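Residue numbers -26 to -1, 1 to 105, in mature numbering (1 follows the signal peptide of the UniProt record, and there is no 0), belong to the letters of the sequence shown in order.
Even glycine gets a Cβ: it sits at the ideal position worked out from N, Cα and C.
Just so it is clear, the structure is predicted and the values come from calculations on it, not from any experiment.
Structure record follows, encoded as structure tokens.
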Amino acid sequence: MCGTAIYSKMLQFFLILSAVYALGMAAPLPDLFSYSPAAGDGSGIEFSTASEGRITGIRVWEYNNYWGGYISGFQLRYESNWTAEVGVNSGNPMEMILYDKEAIIQISGKYYSGYIYELVFVTNQGRLFKV
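Written out as structure tokens, the structure reads:
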């Protein structure tokens, strides 16, 4: 192969590589979260909470009455700061502090007759926080 052919092949390779790179940069980044719409019978109030940094803790209040228990409120901790309570902070508080590099990867729960009576938080390190 002569020098011109090698130069031509290298230029062709560079152009193809540049095109692939440009297409990759133009593609939208995937969402690193999912959001579910409000659920339930519609008697409550929708809410949203957010802050700077990563979530480092969860605090949940469980209220027990004659018919059983239900979740009355909760808080999230971002870095070292707790958010305002969502709901009511009455009942028994339960708390989970996340380790370094630990993140919540799944939240599920159960509700009946307009009340959430169980929440389950799962982390990327396999820990489970069930309230």
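Once the 5 residues before and after residue i are set aside, which same chain residues still bring their CB inside 8 Å of it?
i, result
"Tyr44", "Glu36, Tyr37, Tyr89, Ile90 and Tyr91"
"Ile81", "Leu93, Val94, Phe95 and Val96"
"Val60", "Phe21, Thr23, Gly47, Phe48 and Gln49"
Provide the residue(s) that pair with residue i in DSSP beta bridges, ordered along the chain.
i, result
"Asn83", "Just to set this straight, residue 83 is Gly in the shown sequence, not Asn. Beta-bridge pairing links Gly83 to Leu93."
"Glu36", "Ile45 and Asn66"
"Ile19", "Ile19 is not bridged to any residue."
Using only alpha-carbon positions, find the residue among the options that is nearest to residue i.
i, options, result
"Ala58", "Ala77, Lys84 and Ser22", "Ser22"
"Arg51", "Ile29, Leu102 and Val62", "Ile29"
"Ser87", "Gly42, Glu53, Asn98 and Glu69", "Gly42"
"Ser64", "Ile71, Gly47, Lys75 and Lys84", "Gly47"
"Pro67", "Gly31, Gln(-15), Ile78 and Lys75", "Gly31"
"Glu69", "Val105, Gly83, Asn39 and Gln99", "Val105"
Output needed for residue i: all residues of its chain with C-beta closer than 7 Å, excluding positions within five of it in sequence on either side, in chain order.
i, result
"Ser25", "Tyr52, Asn55 and Thr57"
Could you check where the beta strand (DSSP E) with residue i kicks off and where it finishes?
i, result
"Leu102", "Leu102 to Lys104"
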